[in-house]
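One structure below.
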Amino acid sequence: MLMTPAEKYQRHKPLALRDRRWPDNALTHAPRWLSTDLRDGNQALAEPMDAARKLKFWQLLLDCGFKEIEVAFPSASQTDFNFVRQLIEEKRIPDDVTIQVLTQAREELITRTFDALQGAKRATVHLYNATAPVFREQVFRQSREEIVALAVNAARQIRALCENAPETEWVFQYSPETFCFTEAEFALAICEAVADVWEPCATRPMIINLPATVEVSMPNVYADQIEHFCHHFSRREQVCISVHTHNDRGTGIASAELALLAGAERVEGCLFGNGERTGNADLVTLALNLYTQGIAPGLDFSQMKKVVEIVEECNQLPVAPRHPYAGELVFTAFSGSHQDAIKKGFAARQNNPTAFWEVPYLPLDPADIGCSYEAVIRVNSQSGKSGAAWLLEQNHGLNLPRKLQQEFSQHVQEAADANGKEMSQMEIWNLFRQNYGLVERPPLQLIEYVCTNQPGQRTTLQAEIVCHDKKLKLDASGNGFLSTAITALCRSLQVEINIESYHEHTLGKHSDSRSVAYVCCENTNGERAWGVSIDSDITRASLQAVLNAAQPFITR
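In short: position in the sequence shown from 1, add 85, done, that's this note's numbering.
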């Protein structure tokens, strides 16, 4: 890299827009969407889609609710041409969906494009030619006047061909390609000239697409360009302003959003941002950004995993684990403080489920896009007490007392540090069971018991337990069955402990649900140990939890 990059790269010159209004605007509704996955996205693939993959992608776009879909560049390949014909001849295009095709400003390519569209009920013909100085001077070696003449002649040919096929509802779209680094006055001039040919009106719809073909400036500069164009274009009320942003600077989504603030009404892009170089604007992210602001996007991503699966299959490209809204890890917290905040947020929402969505670190409810809460919190060496507790609650219904959360998190930390990897839900469950006595044959096992508690009388307990493979009888009386149990245990096993804390709750809402008991015992040295037990009999669960908590203090 150069120490003085200004010697090689020049700063993009922004417009001197003194009365800009877009910073004070707010988005209140969704734009028109156009998916160009089957055209722009497809041409960016190392192995372009075959007919089967294209049809699968086409159906996905319909299922997601797209009403405008750029399906091909018919003059570019026989595969593209055949795909357009297949959609038309097999009547695969719903009545409320408009297909769009792309063509360069060349006579024979335009003719080929219209051959592909014969019989279509509704279609948009998208004409483009590059307008920026670097293309005029280095690629085409043409003057401004020649570039305008190229676009105007192509527009005349397209209008004539449209008028010769009145059975189709035609929409004309023109893109001054490389608009974002074309002189503002020239971009206006060439679009005015093309619009003069098409004469847009209610019966001759026209779209002017202003692309950031290569992203060369900050998103605010692009927004200024869009607002300037909208303010000065003479037929503004007769045309739809569309944008097609790329992601060369990593701000393609921001550019599209600011362009909407600046007056654009339509956005072209691809699912998950596939496209040349760094890709197009990601329509999934754009749509769900609106959704999280309370704006219905008009697109359905309620089955996000299915969308990801089909797009990955058709594009043969992975969706990144950290991709907004769709990646495998986007709703996942490993950090202990994040996990604690999320856990508390869900707890608050349970108390007020109809309130606005306000869960820390989760701008979107995963359930809204068909994702479960299982992946929200995952545990590794960076996790704190809430991570493992969340997994136990979500998967096993356990609501651990706070002190037990803290105690168990130390075991989880040690295990995660030892293997250096993320711990699975099953690994955490097995670790919990082993540490707190939830095993088939715990070292201290309750066999049977009889507990009596008459009003106004002391509680009596008679029980049989197995202690390290030896049967023992417990017999005592006291003020309650837990204190009686600990008295009997201390007497039989010659140990001095007491119950420091006790918690219980059911694991379901039915009368036959099982219950869980949590017991913490403490010896005379202040050392503590926890025991847990689950049983359909809460008294039995409590007694076994006492035995599990007492076990670490028992010597053979």
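Ideal placement from N, C-alpha and C gives every residue a C-beta, glycine not left out.
Residue ranges of uninterrupted beta strand (DSSP E) with 3 or more members, entirely inside the segment 526 to 594 and ordered along the chain, are 529 to 537, 544 to 552, 555 to 563 and 582 to 591. Per DSSP, reduced to three states, the secondary structure at H496 is helical.
L119 is bridged by DSSP to E153 and E353.
Sequence-distant partners of F314 (beyond 5 residues in either direction) whose C-beta falls short of 7 Å from its own C-beta, in its chain, are A272, L273 and L295. In the structure shown, Y446 falls within a coil segment according to DSSP collapsed to helix, strand and coil.
With at least 16 other beta carbons inside 10 angstroms of its own, H329 counts as buried.
The bridge partners DSSP lists for H211 are L187 and Q258.
In this structure V393 is buried. Its beta-carbon is surrounded by 16 or more other beta-carbon atoms within 10 angstroms.
If you draw a straight line from the Cα of V444 to the Cα of A381, it comes to about 20 Å. Residue pairing of S160 in beta bridges, as defined by DSSP: absent, with no partner found. Between L632 and L523, the beta carbon gap of about 12 Å keeps them out of contact (Cβ cut-off 8 Å). Taking 8 Å as the cut-off, the beta carbon of A372 is found closer than this to the beta carbon of L384. With at least 16 other beta carbons inside 10 angstroms of its own, W107 counts as buried. When the Cα atoms are used, C276 and S260 turn out to be separated by approximately 8 Å.
Straight across, the Cα-Cα distance linking V237 with N214 is about 11 Å. Residue burial is scored here from C-beta neighbours: G505 has fewer than 16 other C-beta atoms within 10 angstroms and is therefore classed as exposed. Under the three-pair Cβ rule at 8 Å, the segment 350 to 364 counts as touching the segment 107 to 122. If you look at Y603, you'll find it isn't in any alpha helix (DSSP H); it sits in the beta strand (DSSP E) that goes S600 to N608. Taking a C-beta distance under 8 Å as the contact criterion, L356 and V415 do not qualify as a contact pair. In this structure, the CA atom of K558 is about 7 Å from the CA atom of I550. Close CB contacts of T545 within its chain, under the 6 Å cut and outside five residues either way in sequence, are with T537 and S562 (chain order). Bounds of the alpha helix (DSSP H) holding A236 are R229 to E248. For I311, the secondary structure class from DSSP, reduced to helix, strand or coil, is helix.
Between E478 and the set A452, P451, Q510 and L447, the nearest pair of CA atoms involves Q510. S422 and F318 have their alpha carbons spaced roughly 53 Å apart.
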